[in-house]
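Only one structure is covered here, and it is reproduced in the block below.
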Amino acid sequence: MMSEAKKAFVKKAEAAWHSRAKAQELNPKSMKYLRAELEFFMGVITALNLLDETPRAPDTLSSDVPVVWVINAMAGRGIAEPEKEKA
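FYI, the numbering for the sequence shown is 1063 to 1149, going by our numbering.
Take a look at the structure:
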């Protein structure tokens, strides 16, 4: 189960991605969008790994990295939750 702090971080990272994608006018259905999203979240994942001081094997991801980000990236799906339409 994800801690509240981790949930808040995930929401902030995903909001930052949506803001960046909107600023760059990326189409969420395009390959360019998926590639840019992957690059953005690989940076976030790398930072999380570097900040985690828990002893672990060098080829192991930090437990702070949301599993869904990794699985979606490996499956070629979007990483962030789709942005909800504002009513």
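Each residue gets a CB set at the ideal place from its N, CA and C atoms; glycine is no exception.
Computed from a predicted model, the values in this text were never measured in an experiment.
Start and end residues, alpha helix (DSSP H) containing residue i
| i | result |
| --- | --- |
| isoleucine 1107 | 1093 to 1113 |
| serine 1081 | 1066 to 1085 |
| asparagine 1134 | 1129 to 1137 |
Separation of residue j from residue i, as counted between CA atoms
| i | j | result |
| --- | --- | --- |
| alanine 1083 | leucine 1123 | 26 Å |
| glutamate 1143 | proline 1120 | 28 Å |
| proline 1090 | histidine 1080 | 10 Å |
| glutamate 1087 | arginine 1118 | 39 Å |
| phenylalanine 1071 | glycine 1138 | 23 Å |
| methionine 1104 | valine 1132 | 9 Å |
| leucine 1100 | lysine 1146 | 20 Å |
| alanine 1078 | alanine 1109 | 15 Å |
| lysine 1171 | phenylalanine 1102 | No information on residue 1171 is available, as it lies outside the stretch 1063 to 1149 that the chain covers here. |
| aspartate 1114 | tyrosine 1095 | 29 Å |
Close-in-space but distant-in-sequence residues of the same chain around residue i (CB under 6 Å, 5 per side omitted)
| i | result |
| --- | --- |
| valine 1106 | Ala1075 |
| asparagine 1111 | Ser1124 |
Candidates the options, of which the one nearest residue i by Cα
| i | options | result |
| --- | --- | --- |
| isoleucine 1141 | Glu1087, Glu1066, Met1093 and Ser1065 | Met1093 |
| glutamate 1066 | Pro1128, Asn1134 and Ile1133 | Pro1128 |
| lysine 1069 | Val1130, Met1136 and Phe1102 | Val1130 |
| arginine 1097 | Asn1111, Ala1135 and Lys1146 | Ala1135 |
Same chain, Cβ closer than 8 Å to residue i, neighbours up to 5 away in sequence not counted
| i | result |
| --- | --- |
| threonine 1116 | Ser1124 and Ser1125 |
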